[in-house]
Amino acid sequence: MRVLITGGAGFIGSSLVHSLAAARHDVGVIDDLSTGKLENLHPAAWFRRLDILDPALTEAIAEFAPESVVHLAAQADVQSSIADPDRDRAVNVDGTRAVALAAVAAGATRVISASSAAVYGEPAELPLRETSPKAPANPYGISKLAAETAIAEVLAGTGTDHASFRFSNVYGPRQDWRGEGGVVAIFAAALAAGERPRIYGSGRQTRDFIYVGDIVAAIVGALDSTHPLAGPLPDGSSYNISTGVQRQVEEVAGILRAASRVMKEFEHVPARAGDIERSALDPSKARDSFGWTARQPLEDGLAITWRWFEHALR
Ligand SMILES: NC(=O)c1ccc[n+]([C@@H]2O[C@H](COP(=O)([O-])OP(=O)(O)OC[C@H]3O[C@@H](n4cnc5c(N)ncnc54)[C@H](O)[C@@H]3O)[C@@H](O)[C@H]2O)c1
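Note that my numbering gives residue 252 to position 266 of the sequence shown, counting from 1, and the numbers run on in steps of one.
Structure (structure tokens):
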């Protein structure tokens, strides 16, 4: 395969790039390195440092001439989306539209774009299905939902198949632990630094934690699919990429603490406004469509993640 990945220097993107490059596929990366890192890139990957909003995007994607495009570049930080909703919307909606247009112009036959559980907001039902009500609670969730529509509008009738993947809470090696980060990365970094992990609220709030390797497998499975992935708006092209299982934040912290053998007590601090109490996304549509299910048990994924943080930060 010949695959162009936007955001390929980031957490999820770099895992995908490494996996595809190791399997000797041709991989191209476009990334502005705003949160991604050069050291995340695989040496075999073609690379352009470019903002997806730059008019040079079309030419860059055409130069690489991918069969498929995986669009992961985004403004992915909820607090930044609240501080600067215009930039969030520009990158996530206009940027997604620009990537989709450039993909068609370059002759790509499939585009897979990262969406998020944030499109649902506070769950109206559990587990969430693709057709469940959407009530995004912040500009990030709003822009991710709008990006799904943008991609479908641009690609409808072009012959370029497409899908938006609503990832649940992704964790694994190389996740950024600074700023907002993911809760697993933040806990692991605190433990590696010998600090007390901080738990917001009771710790009994739940999330659908998915290992980054399972995300990579879902994307590769979808790229390989011989069936079209796109369906009619609003949710026909959307897929939950998740485990469907709720796990408590405190339980995750406990598993990490046991793996790390750092016996620090957790610090409980008041819950943050707007935090969701419970979340799980039903992944059966992805299973039925292209045969993917998450495989990594949480305990094993957390042990791998801890080992990475231990080596990277200690
Ligand atoms: N990590 C999660 O738990 C999670 C959950 C749901 C959805 N997602 C989505 O998955 C995708 C990847 O997320 P991640 O966790 O790897 O984040 P990340 O910040 O590690 O990766 C994003 C990458 O995109 C690049 N980028 C950002 N803006 C850009 C721009 N304007 N032009 C070019 N490159 C740009 C960054 O430099 C970075 O390398 C994002 O679309 C995110 O919204 C992530």
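Think of the CB as a built atom: it goes at the ideal place given N, C-alpha and C, for glycine as much as any other residue.
Under 8 Å between C-beta atoms of residue i and residue j
i, j, result
"residue 194", "residue 234", "no"
"residue 170", "residue 242", "yes"
"residue 97", "residue 132", "no"
"residue 185", "residue 254", "yes"
"residue 26", "residue 5", "no"
"residue -8", "residue 17", "yes"
"residue 67", "residue 125", "yes"
"residue 205", "residue 2", "yes"
CA-to-CA distance, residue j to residue i, given in whole angstroms
i, j, result
"residue 52", "residue 40", "19 Å"
"residue 31", "residue 168", "26 Å"
"residue 153", "residue 244", "27 Å"
"residue 237", "residue 189", "8 Å"
"residue 104", "residue 130", "8 Å"
"residue 286", "residue 293", "11 Å"
"residue 111", "residue 270", "16 Å"
"residue 93", "residue 144", "10 Å"
"residue 113", "residue 49", "42 Å"
"residue 128", "residue 134", "10 Å"
"residue 34", "residue 187", "42 Å"
"residue 258", "residue 9", "42 Å"
Assigned secondary structure, residue i (DSSP; H/G/I helix, E/B strand, else coil)
i, result
"residue 192", "strand"
"residue 13", "strand"
"residue -8", "strand"
"residue 224", "strand"
"residue 301", "Because the chain in this structure spans residues -13 to 300, residue 301 falls outside the shown range and cannot be described."
"residue 38", "coil"
"residue 292", "helix"
"residue 48", "helix"
"residue 184", "strand"
"residue 149", "strand"
"residue 275", "helix"
"residue 1", "helix"
"residue 213", "coil"
"residue 57", "strand"
8 Å Cβ cutoff, residue i in contact with chain C
i, result
"residue 256", "The structure shown contains no chain C, having only a single protein chain."
Could I get the ranges of all uninterrupted beta strand (DSSP E) runs contained in the stretch 59 to 142, with 3 residues as the minimum, in chain order?
-> For secondary structure counted as the beta strand (DSSP E) over 3 or more consecutive residues, the stretch 59 to 142 holds these complete runs in sequence order: 96 to 102.
Complete runs of the alpha helix (DSSP H) confined to the stretch 228 to 271 [at least 4 residues] = Listed in chain order, they are 235 to 246.
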